[in-house]
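At position 370 of the sequence shown the residue is numbered 370 (the working numbering), and the sequence of numbers has no breaks. Virtual Cβ for every residue (Gly too), placed ideally from N, Cα, C. For reference, the structure is listed below as structure tokens.
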Amino acid sequence: MRKFVKNLISRTVCLTAAAALALSGLAGCSGGSESDTKQQESEKTSGDGKSSAGGSGSMGRYLEEEVSLPEGTNRIYDMKKTEDGGIWTAVRTETNLSAWKTKDAGGSWEKVYDLPMEVLEKGSVLQIAIAPDGEMFCQTGISAGEDLEYHYWKLDKEGKASEISLALSKTLEDDAMQGMSNSLYEFVYTSSGDLAGLDYAGKVYLFDTGTGEVKQNFDSTEHIYSMSCLGEELLLQTKSDVLTVEIESGKTKETDEKLKEALLNNSFAGSGFGGAGNILFEQGKDGYHFYADSDGIYSWQQGGNVCDQVVNGALTTLSDPSLGLISLAAMDDDSFMLASEDGNGNPKLLHYVYSADTPSVPETELKIYSLRDSNELRQILSKFQKDNPNILATLQLGMTGEDAVTASDALRTLATDILAGKGPDVLILDGMPVDSYIEKGLLLDISGVVEKAKEKDGMFEQIAGAFAGDGTYYAVPTRFAIPVIQGYTESVDKISDFKSLIETAAAVKEKYPDAASVMGTMDARSMAARLMGVCSPAWQKEDGTLDEALLQEFFEGLSQMYALDKDYREINSGNIYGSNMQGTASDTANSLESLVLLTKSALLNPGMLYGLHDYSYLTSVDTSAGNTSENKMNGQAADVFMPLSVAGVSSKSTHREEAVGLLEYMLGTEGQSVSQGEGFPVNRAAFDKILAEEPPEGKSEGITISSDDGMDLNLSIELPSEEKRQALKTWAESLKIPAVTDTVVKEAVLEQAQRCLEEGISPKDAAKNVVQKVNLYLSE
Numbered sequence: 001m002r003k004f005v006k007n008l009i010s011r012t013v014c015l016t017a018a019a020a021l022a023l024s025g026l027a028g029c030s031g032g033s034e035s036d037t038k039q040q041e042s043e044k045t046s047g048d049g050k051s052s053a054g055g056s057g058s059m060g061r062y063l064e065e066e067v068s069l070p071e072g073t074n075r076i077y078d079m080k081k082t083e084d085g086g087i088w089t090a091v092r093t094e095t096n097l098s099a100w101k102t103k104d105a106g107g108s109w110e111k112v113y114d115l116p117m118e119v120l121e122k123g124s125v126l127q128i129a130i131a132p133d134g135e136m137f138c139q140t141g142i143s144a145g146e147d148l149e150y151h152y153w154k155l156d157k158e159g160k161a162s163e164i165s166l167a168l169s170k171t172l173e174d175d176a177m178q179g180m181s182n183s184l185y186e187f188v189y190t191s192s193g194d195l196a197g198l199d200y201a202g203k204v205y206l207f208d209t210g211t212g213e214v215k216q217n218f219d220s221t222e223h224i225y226s227m228s229c230l231g232e233e234l235l236l237q238t239k240s241d242v243l244t245v246e247i248e249s250g251k252t253k254e255t256d257e258k259l260k261e262a263l264l265n266n267s268f269a270g271s272g273f274g275g276a277g278n279i280l281f282e283q284g285k286d287g288y289h290f291y292a293d294s295d296g297i298y299s300w301q302q303g304g305n306v307c308d309q310v311v312n313g314a315l316t317t318l319s320d321p322s323l324g325l326i327s328l329a330a331m332d333d334d335s336f337m338l339a340s341e342d343g344n345g346n347p348k349l350l351h352y353v354y355s356a357d358t359p360s361v362p363e364t365e366l367k368i369y370s371l372r373d374s375n376e377l378r379q380i381l382s383k384f385q386k387d388n389p390n391i392l393a394t395l396q397l398g399m400t401g402e403d404a405v406t407a408s409d410a411l412r413t414l415a416t417d418i419l420a421g422k423g424p425d426v427l428i429l430d431g432m433p434v435d436s437y438i439e440k441g442l443l444l445d446i447s448g449v450v451e452k453a454k455e456k457d458g459m460f461e462q463i464a465g466a467f468a469g470d471g472t473y474y475a476v477p478t479r480f481a482i483p484v485i486q487g488y489t490e491s492v493d494k495i496s497d498f499k500s501l502i503e504t505a506a507a508v509k510e511k512y513p514d515a516a517s518v519m520g521t522m523d524a525r526s527m528a529a530r531l532m533g534v535c536s537p538a539w540q541k542e543d544g545t546l547d548e549a550l551l552q553e554f555f556e557g558l559s560q561m562y563a564l565d566k567d568y569r570e571i572n573s574g575n576i577y578g579s580n581m582q583g584t585a586s587d588t589a590n591s592l593e594s595l596v597l598l599t600k601s602a603l604l605n606p607g608m609l610y611g612l613h614d615y616s617y618l619t620s621v622d623t624s625a626g627n628t629s630e631n632k633m634n635g636q637a638a639d640v641f642m643p644l645s646v647a648g649v650s651s652k653s654t655h656r657e658e659a660v661g662l663l664e665y666m667l668g669t670e671g672q673s674v675s676q677g678e679g680f681p682v683n684r685a686a687f688d689k690i691l692a693e694e695p696p697e698g699k700s701e702g703i704t705i706s707s708d709d710g711m712d713l714n715l716s717i718e719l720p721s722e723e724k725r726q727a728l729k730t731w732a733e734s735l736k737i738p739a740v741t742d743t744v745v746k747e748a749v750l751e752q753a754q755r756c757l758e759e760g761i762s763p764k765d766a767a768k769n770v771v772q773k774v775n776l777y778l779s780e
């Protein structure tokens, strides 16, 4: 069962089943004897560079296969292994919402029934849970003014529906949802046929599905955010604890420490409603149970205090960060079925079958290095891994954010590893001194790969050639961002460079004295980050050093614009935004800043545009306001773009063929079509595909903001019009000059921007300090 709450709440999954799985021959990830532990550690891969390939020579692992769903399926509500050993699922197709069953793991499907009209007439179906005997429980919601009216239904095995009234508290008291109607956030059948439900108030109930009567309440001193059912026990997860509750008695018992640790630190931690984890469970037999997250599928035995990895997520689609997990079933033949949804909302039914003659770990390990983590990169590596099961693609991060390692520290360590022959095969060069690496011969000539991609799909050649000074490609941006500025059309039309931006900012401040601010609640580092990209190419000399006079001009302009909002920042000191959790200032054209143009809380919104979704926010504001627009932004330099996911192959790689294969995938249409809002694709075919995107059927997006006078403004977020899409493509085609991406250079500028704008040092001294630090760095 899975809960869908649009735009606000992640989907939490609970599952109960009577499935059994023999564990003989399965490789675990922890626990067992000392010799077992060593064996398990040699086989374990995490996708973070800590694994090893082909070391043990051991055989046997689960292989993943995508199997068919009923024709036309566009959403899976739930999937359950039933008492007869088959699978039941509740899905939405192009024509209706139905229950289906299969006896051959998706080889063929038989429709059981369509949901009756009396259910569908009471609003949208929000969630469904299936019992092992085929009974289903369903929640619908229908608009009632600004709220939703909820209805609950029991459907027998033939599809006959009975509406059930549940005794829940009527409204919510939480500040964020005060006054809204309460409902079940998630629910699941217990082995006795009752229904366990968790509501938005964080309370857990046991209901009689025939009458809706509350048979039992399960309380906690902390808010319960997630609930799972395993036989006669419930697992209740709070932010800091996992409680095991006996359903019949209501008594709390000790939770296995290994299981508690796994749940509180699982890969979905922080993604659920209220910040709790999101994880799938399945009941086994003889005291064994299973759970799945993005790291894999695990087993544990009640009281055994051991969690063993059964399916290695790093070698499957489970490692794809965009994958949404819906339900898990352990089959009688020792295989697993997993219902899921990809990042584009497409349903996927995955089947995991054990293969005894497949190496437990692929023999070839391909190491990919990046300074920072990237969901988009992880998704690409997951797809590449699935298409190349004999290659283990591991991502090594220079900066995890969990320690005090700086970019300079990470790059020194990387250089040492490369010289020692222990470096990565593929380099994601964002934030690195690309030109220096090329000069030192650290990167392989990849011109053939780039030319092949050009011939097949077309490319934005000036972007792809950002680092091909002599026509030879050693590094290629696989993605890029476009600098834009949004504001009132009459103002935006006057901005053509950095000087006119400064002048326009001062002019709109004078023209709209009632506006709260010119550029919103940005701190010094964020303002510098938003404008640095379109100015940085002008500072850089041919030898890599920086022009001090032009840097001083940049800091002087920043100072003038920053001073315009001095009073606003003092009044709203508690709402000033800037660096994220990793301390990195964002350069994004902020979608929320775009929204406050509607209330005149800000008048200009500059920054980098990374994807169609953010562009949709900007253009939706234009549609609503009627007098705002955006344009490509120039600064001290013109026609600038931000090169992203810049990829190169190490000249020291011992797996050149595999490394080149990954690069080909990254530049191909499939790899380029991965979209997590981390840049537009350099591949023209993929760019056109994303540009032609249509909204998913039955899904919409909207947001409500409050103006300073307390009035609520509702904004529907729509995909850009054809005219706006063509404008975006025209901007992309006009881009010529890459922004400076070297992390050490960028951090030096941001550091001095903060000192200049907030601590009072002069623009001249700020520029001098940057030049001194960068020259020292370049001399190392």
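Residue pairing by DSSP puts Asp293 in a beta bridge opposite Gly296. Residue environment analysis places Gly398 among the buried positions, since at least 16 neighbouring C-beta atoms fall within 10 angstroms of its C-beta. Each residue's CA atom was taken as its position, placing Leu195 and Ile326 some 18 Å apart. Contact fails between the stretch 418-427 and the stretch 446-460, because fewer than three Cβ pairs, one in each stretch, are under 8 Å apart.
Around the CB of Ser734, fewer than 16 other CB atoms lie within 10 Å, so the residue is classed as exposed.
Secondary structure remark: continuous beta strand (DSSP E) runs of at least 3 residues inside the stretch 707-763, in chain order: 712-716.
Counting C-beta pairs with one atom in each stretch, the stretch 458-474 and the stretch 593-602 have fewer than three that are closer than 8 Å, which means they do not touch. When the alpha-carbon of Asp547 is set against those of Cys535, Gly557 and Leu558, the nearest one is in Cys535. In the structure shown, the three-state DSSP call for Phe554 is helix. Between the beta-carbon of Leu234 and that of Val242 there is about 11 Å, and that puts the pair past the 8 Å contact cut. Scanning the stretch 421-455 for uninterrupted alpha helix (DSSP H) segments of 4 residues or longer gives 434-439, listed from N- to C-terminal end. A direct Cα-to-Cα measurement between Lys81 and His351 gives close to 13 Å. Going by beta carbons, Cys138 and Val188 fall outside the 9 Å limit. Across the structure, Ile130 and Gln486 are spaced so that their CA atoms are roughly 49 Å apart. Per DSSP, the unbroken alpha helix (DSSP H) holding Thr619 starts and ends at Leu612 to Ala625. DSSP, reduced to helix, strand and coil, places Ser327 within a strand of the structure shown. Secondary structure of Met666 (DSSP, three-state): helix. In the three-state DSSP reduction, Leu603 falls in the coil class, being neither helix nor strand. Within the DSSP secondary-structure output, Gln127 pairs in a beta bridge with Gln139. In terms of Cβ geometry, Ile502 and Ser620 do not form a close pair [threshold 9 Å]. The beta carbon of Thr628 sits closer than 7 Å to those of Gln486, Gly487, Tyr488, Thr489, Leu597, Val621 and Asp622, all from its chain and outside the five residues before and after it, given in chain order. For the pair Gln379 and Ala515, the Cα-to-Cα distance works out to about 42 Å. CA-CA distance, Met337 to Leu126, rounds to 23 Å.
In this structure, the straight-line span from the alpha carbon of Leu713 to that of Ala692 is close to 29 Å.
Restricting attention to alpha helix (DSSP H) runs no shorter than 4 residues, the stretch 358-391 encloses them at 375-387, ordered along the chain. Residue environment for Lys509: buried (at least 16 other C-beta atoms within 10 angstroms of its C-beta). For Asp308, the enclosing beta strand (DSSP E) has its first and last residue at Cys307 to Asn312.
Spatial neighbours of Met59 in its own chain (CB-CB distance under 8 Å, excluding positions within 5 residues in sequence) are listed in chain order as Ala356, Asp357, Thr358, Pro359 and Ser360.
The way I'd put it, the stretch 466-475 doesn't touch the stretch 769-779; fewer than three beta-carbon pairs between them come closer than 8 Å.
Taking 9 Å as the cut-off, the beta carbon of Lys652 is found closer than this to the beta carbon of Ile418. A residue is called buried once 16 or more other Cβ atoms fall within 10 Å of its Cβ, and Ile571, having fewer, is exposed. Judged by their CB atoms, Ile247 and Thr209 are not nearer to each other than the 9 Å cut-off.
Check the Cα spacing between Val306 and each of Gly284, Lys285, Leu259 and Ala330: the tightest is with Leu259. Between Ala549 and Ala767, the alpha-carbon positions lie close to 8 Å from each other.
Leaving aside the five residues that flank Arg755 on each side, the residues in its chain whose CB is nearer than 7 Å to its CB run, in chain order, Ile761 and Ala766. Excluding its 5 nearest sequence neighbours in each direction, Ile164 has C-beta neighbours in its own chain below 6 Å: Tyr152, Lys154 and Gly212, listed in chain order.
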